[in-house]
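One structure is given below, encoded as structure tokens.
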């Protein structure tokens, strides 16, 4: 199968993760019915350039309806930016709810707390393909040891760099975070019109690899008993490493402190930076920019030479609503939508990275660009705390505020991380 990567569909991922928000009302209604015929309603996210995704889904639906006589599948594509309101309404009114839906993987814990998602632990365990699911992807559908869906696709970030600039300046690809910083400053010194490594004070998932690579954690514990880890000595070392990149010798604070992930990728694509931390989902934007044909991608280096910094495993899942009156059919459809065959086809159509380790290896062999992202995933990724509090922490910009306070000089790393930890712990405490 020839794979033509169309990564535009994943541009919605950054927005999805940045706006992760679980409904605040609770509906614990569940259906005791398990009807074997009738109409299954499905909500999937509307992508930028949705037609290729719809074509793959239409094929899955046609095969499913053929295999289940008397069953019809009605698919609706909903906007990502209004999904929180739609899902909230669905949880409160089961009659209007879908049977199966796509959701952001940072939404899992909140949706479980609100009683909206069906526990499919038993079915997942019996699903033959599930054994090849990436452990971090599986974690993204797990709350308190129970599974509430199937991973649909995953997205990670790596290091984009300008091959022409590196060749011109005689630079080698950095193999440690210290080398990354010195290389960035070298580029800025030799080419002052460029950012060395473009970074953003509001780019949480670009900053976290520095924290994780230095042994820090967002939080410690498990659902119901999380405590912030952002104020630990290891985390502070990572915060210092990241915030030290904001300065006239690399990425001036006046311009870079307010940047988010999309801003940094846009700057790189426009030819304004020697390096950037971007996702597999950033490929289309970079290819459409001025640096097309003049860049390469490698895993973001860790602290030790040759190591890979842990990356955030973003992405989406497919789940069944607790209120479904077609439990068996809905779970079967979830498995078909999240199957190896479908994920492979969605990679071909949209560039979505598969959540199955074996399928990822196959697509990497066929599409070389994917290899550094697959290597990053294979090296071990990180996920957000499986707590409904994360939506509050993320939407209230606790971590970007911390980074920006350090960058601006308003607070030192110790004070800023202490204050961020208190805010996180307040959120964990209020989540129950």
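Residue numbers (our numbering): 7 to 438. For glycine and all other residues, C-beta sits at the position ideal for the given N, C-alpha and C.
Note that the C-beta distance between residue 405 and residue 210 is below 7 Å. Counting only runs that start and end inside the stretch 367 to 421, the alpha helix (DSSP H) elements of at least 4 residues fall at 377 to 385, 395 to 401, 404 to 414. Assignment of alpha helix (DSSP H) within the stretch 137 to 204, counting only whole runs of 4 or more residues, yields 141 to 145, 169 to 175, 183 to 196 in chain order. As DSSP reads the structure, residue 332 sits in a beta bridge with 40. Per DSSP, the beta bridge partners of residue 108 are 324. In terms of Cα proximity to residue 143, the closest of 237, 317, 246, 195 is 317. It is roughly 6 Å from the alpha-carbon of residue 100 to the alpha-carbon of residue 329. In the structure shown, the three-state DSSP call for residue 209 is coil. Taking the Cα of residue 162 as reference, the smallest distance to any Cα among 111, 221, 136 is reached at 111. Contact check between the stretch 133 to 142 and the stretch 267 to 279: fewer than three CB pairs, one atom from each, fall below 8 Å, which does not count as touching.
If only complete runs of 3 or more residues are kept, the stretch 241 to 318 shows the beta strand (DSSP E) at 279 to 285, 301 to 304, in order along the chain. Taking 7 Å as the cut-off, the beta carbon of residue 158 is found closer than this to the beta carbon of residue 322.
Take the alpha-carbon of residue 146 and the one of residue 193: they are about 38 Å apart. Between the beta-carbon of residue 289 and that of residue 357 there is about 7 Å, and that keeps the pair under the 8 Å contact cut.
The beta-bridge partner set that DSSP reports for residue 97 is empty.
Within the DSSP bridge table, the entry for residue 45 names 78 as partners. Excluding the 5 residues flanking it on each side, residue 332 has same chain C-beta neighbours closer than 6 Å at 41, 46, 105, in chain order. Under the Cβ criterion (8 Å, minimum of three pairs), the stretch 246 to 254 counts as touching the stretch 182 to 198. Under DSSP, residue 84 takes part in a beta bridge, and its partners are 51.
In the DSSP assignment, residue 348 falls within the alpha helix (DSSP H) that extends over 346 to 356.
Residue 233 has 226 as its beta-bridge partners, per DSSP. Proximity of the stretch 405 to 421 to the stretch 373 to 388 falls short of the contact definition, fewer than three beta-carbon pairs being nearer than 8 Å.
Collapsing the DSSP output to three states places residue 123 in a strand. By alpha-carbon distance to residue 391, the top candidate from 69, 153, 197, 228 is 228. Residue pairing by DSSP places residue 362 opposite 139 in a beta bridge. By the neighbour-count criterion, in which 16 or more other beta carbons inside 10 Å mark a residue as buried, residue 54 falls on the exposed side. Residues of the same chain with a CB within less than 6 Å of the CB of residue 395, apart from the 5 flanking positions on each side, are 433, 434, 437 in chain order.
By the neighbour-count criterion, in which 16 or more other beta carbons inside 10 Å mark a residue as buried, residue 65 falls on the exposed side. Counting other Cβ atoms within 10 Å of its Cβ, residue 294 stays below 16 and is therefore classed as exposed.
Residue 306 places its beta carbon less than 7 Å from that of residue 165.
Of the residues 350, 49, 128, 426, the one whose Cα lies closest to the Cα of residue 235 is 426. Listed in chain order, the non-local C-beta contacts of residue 366 below 6 Å within the same chain comprise 360, 380, local neighbours out to five positions each way being set aside.
Residue burial annotation: residue 393 is buried, with at least 16 other C-beta atoms found within 10 angstroms of its C-beta.
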